[in-house]
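All remarks here apply to the structure that follows.
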Amino acid sequence: MDTLLKILVELRPDVDFEDNKELVDSGELDSFDIVSLVGELCEAYEIEIGAEDIVPENFNSVEAIMAMVVRLQED
Amino acid sequence: MIKQLIDGQDFWAEIVKRLSKGEKTNFFFSEEEVLQLVQKGKISRLDFDGGVYFFVTEENLYRLYYFLEKEKSPEVLPRLQQPIILEEVHLATKERIPSKDTWEKIGFQHYLERKRMYLMAKNIAFEEREPSFATEEILEEIFLLMNESFEPFSSALPTKEALLKDIQEQRVLISLKNQNLLGFLHFGDEKQGSMLWHIAVLPQARGLGVGEGLLQDWFLARKDIAKKFMLWVRTDNPPALRMYEKHGFLPDGRVAPVMIKTT
């Protein structure tokens, strides 16, 4: 989780990641953020994020992102 | 060969697939925007080994978007009738890939660069002021000042009709002296906060605090709505950078270089 938070804070220092559970739906993360984040997550966790996983619900909160990462690591 | 795109849904599926493969890109449109571009017949493509270019046609230019597979370089572009504008977004802390040199090798030149800044509303010391919104009567004057103040290729200048709509919907603030226009500030509301689109002050009124007053007016106008105030500023404009820094704006790390390839 610490690695993920570090990635997120570096990407968007202006966003409160701990409290916001609608990061995409509230507009805090835009498509540039998602694209950057996908690249960072693949590199940091050695996973592949498929097209079917690039959906708002997987990026709406730190917990949702972490859950996706864990699932993809197990696949 | 350049081909026009005709199926928006197919195109969007291709975009998502390319993104999931980690291809490098400057294409950050939403699905809705992609469908509109295709529907209006404004987008065409050129495939090459290791990537694809998408051209969005505008009145006097082409905007270039690309997807590049890992380790692949941009291909030489065909000769087109209008200038080609390449606008990218990257993080200041990360290496820019493809590099500036790579684009220069295929004929692009540096045009300008912007960086994004933000200010949280909770950190603003609001002044007691009465913001003045533009009225339809000074549409022409604002439109003229806007077009004289900004470069034409990457400033997202609105059409006169779009500006009129923004005036009618109170998204243009003005500074007046003896009923004469000194400057204006044009903003938009986004999900995450309020975005400053354009601010300009007449040359003879600069240095008098007009810009700072307009900023304060903007804060007041969106005080109850926006949690955050955002803007893009040219990195070769030190007076503007100083003004925003003085008000507490901070860079969020996003940088947008613009390059141009002339015919």
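Chains Z and B supply the protein sequences, listed in that same order.
In this text, residue positions in the first sequence follow this note's numbering: the first is 292, and each later residue adds one.
In this text, residue positions in the second sequence follow this note's numbering: the first is 88, and each later residue adds one.
Every residue, glycine too, gets a C-beta built ideally from N, C-alpha and C.
Fair warning: this is a prediction, and the values are worked out from it, not measured in the lab.
With 16 as the cutoff for other CB atoms within 10 Å, does residue i come out buried or exposed?
i, result
"P326 of chain B", "exposed"
"G280 of chain B", "buried"
"N349 of chain Z", "buried"
"A179 of chain B", "exposed"
"T294 of chain Z", "exposed"
"R105 of chain B", "buried"
"I329 of chain B", "With the sequence shown as reference, residue 329 of chain B is identified as Arg, and Ile is not the correct amino acid for it. Result: exposed."
"T350 of chain B", "exposed"
"M359 of chain Z", "buried"
Compute the Euclidean distance between the alpha carbons of residue i and residue j, then round it to the nearest angstrom.
i, j, result
"L367 of chain Z", "E174 of chain B", "This structure gives no information on residue 367 of chain Z, because the portion of chain Z shown stretches from 292 to 366."
"F308 of chain B", "E162 of chain B", "Sequence check: residue 308 of chain B is Ala here, not Phe. Those two C-alpha atoms are separated by around 47 Å."
"L295 of chain B", "V288 of chain B", "10 Å"
"P229 of chain B", "L318 of chain B", "The sequence shown places Ile at residue 229 of chain B, not Pro. Looking at the two C-alpha atoms, the distance is approximately 20 Å."
"R258 of chain B", "T222 of chain B", "10 Å"
"M282 of chain B", "M233 of chain B", "17 Å"
"K247 of chain B", "K157 of chain B", "42 Å"
"D97 of chain B", "K252 of chain B", "33 Å"
"H352 of chain B", "N265 of chain B", "The question about residue 352 of chain B has no answer, for chain B in this structure spans 88 to 350."
"R132 of chain B", "L164 of chain B", "12 Å"
"R166 of chain B", "I193 of chain B", "11 Å"
"G330 of chain Z", "L299 of chain Z", "12 Å"
"P239 of chain B", "R201 of chain B", "15 Å"
"L314 of chain Z", "N267 of chain B", "44 Å"
For residue i, tell me which candidate among the options has the shortest Cα-Cα distance.
i, options, result
"K314 of chain B", "B:M346, B:Q123, B:D276, B:K187", "B:D276"
"Y211 of chain B", "B:A292, B:G95, B:Y331", "In the sequence under discussion, the amino acid at residue 211 of chain B is Ile, which differs from the Tyr named in the question. Answer by Cα proximity: B:Y331."
"L301 of chain B", "B:I312, B:W284, B:D311", "B:W284"
"K297 of chain Z", "Z:A335, Z:K312, Z:S317", "Z:A335"
"S186 of chain B", "B:E215, B:I312, B:L155, B:P170", "B:L155"
"K310 of chain B", "B:T349, B:E238, B:R216", "B:R216"
"E309 of chain Z", "Z:N351, Z:G330, Z:D366", "Z:N351"
"T112 of chain B", "Z:V361, Z:D316, Z:I325", "Z:I325"
"A100 of chain B", "Z:V346, Z:L314, Z:F323", "Z:V346"
"A208 of chain B", "B:K348, B:F336, B:G340", "B:F336"
"C333 of chain Z", "B:K108, B:W305, B:S241", "B:K108"
"D136 of chain B", "B:M88, B:R321, B:Q255", "B:M88"
Can you find the residues in the same chain that come closer than 7 Å, C-beta to C-beta, to residue i, ignoring five residues on each side of it along the sequence?
i, result
"M346 of chain B", "L173, W190, F195, Q196, H197, Y198"
"G95 of chain B", "V121, L122, V125, Q126"
"E214 of chain B", "Q303"
"S160 of chain B", "P185, T189"
Can you list, in chain order, the residues of its chain whose CB lies under 8 Å from that of residue i, leaving out five sequence neighbours each side?
i, result
"M292 of chain Z", "V353, M357"
"F114 of chain B", "I102, F141, Y152, Y153, F154"
"L363 of chain Z", "Y336, I338, E339, I340, D344"
"G138 of chain B", "E110, Y153, F154, L155, E156, K159, P161, E162"
For residue i, collect the residues of the same chain with a Cβ closer than 6 Å to its Cβ; drop the 5 residues on either side in sequence, then sort them by chain order.
i, result
"A355 of chain Z", "N349"
"T338 of chain B", "First, the residue type needs correcting, since residue 338 of chain B is Pro and not Thr in the sequence shown. Within the same chain, P338 of chain B has close Cβ partners K202, M204."
Against chain C, does residue i count as a neighbour if the rule is that its beta carbon must be under 8 Å from one of theirs?
i, result
"K127 of chain B", "Of the protein chains in this structure, namely Z and B, none is chain C."
key: Near-chain B residues of the stretch 349-362 of chain Z - C-beta to any C-beta below 7 Å   = Residues of the stretch 349-362 of chain Z that bring their beta carbon within less than 7 Å of a beta carbon in chain B are absent altogether.
key: Against chain Z: residues of the stretch 274-302 of chain B by CB proximity under 8 Å   = Here the close residues are E277, K278, Q279.
task = Please list the residues of the stretch 167-198 of chain B that have a C-beta atom closer than 8 Å to any C-beta atom in chain Z, keeping them in chain order.
result = Only those residues of the stretch 167-198 of chain B whose C-beta falls short of 8 Å from the nearest C-beta of chain Z are listed: V176, L178, T180.
key: Under 8 Å (Cβ pairs) to chain Z, residues found in the stretch 200-216 of chain B   = Against chain Z - using a Cβ distance shorter than 8 Å - the residues of the stretch 200-216 of chain B are Y205, M207.
query = Mind listing which residues of the stretch 241-263 of chain B have their C-beta closer than 8 Å to chain Z's C-betas, in chain order?
reply = For the stretch 241-263 of chain B, which is checked against every Cβ of chain Z, not one residue is closer than 8 Å.
request  = Residues of the stretch 99-125 of chain B with a CB closer than 8 Å to any CB of chain Z: list them in chain order, please.
outcome  = Taken in chain order, the members of the stretch 99-125 of chain B whose beta-carbon sits within less than 8 Å of a beta-carbon on chain Z are A100, V103, K104, L106, S107, G109, T112, F115, F116, S117.
Residues from the stretch 134-161 of chain B in contact with chain Z, defined by Cβ distance under 8 Å = From the stretch 134-161 of chain B, no residue has a Cβ closer than 8 Å to chain Z.
ask   = Residues in the stretch 321-342 of chain B with C-beta within 9 Å of chain Z's C-beta atoms, listed in sequence order?
value = Shown in chain order are the members of the stretch 321-342 of chain B whose Cβ falls below 9 Å from a Cβ of chain Z: L337, P338, D339, G340, R341.
inquiry  = Using a Cβ-Cβ cutoff of 8 Å, what residues of the stretch 302-323 of chain Z are near chain B? List them in chain order.
reply    = Hits within the stretch, in order: L302, R303, P304, D305, S317, G318, E319, D321, S322, F323.
Interface positions of the stretch 328-343 of chain Z facing chain B (Cβ-Cβ less than 7 Å), listed along the chain = Within the stretch 328-343 of chain Z, the qualifying residues are V329, G330, C333, I340, G341, A342.
request  = Compile a chain-ordered list of the residues in the stretch 304-316 of chain B whose CB is closer than 9 Å to at least one CB of chain Z.
outcome  = If the cut-off is 9 Å between Cβ atoms, the stretch 304-316 of chain B has K315 near chain Z.
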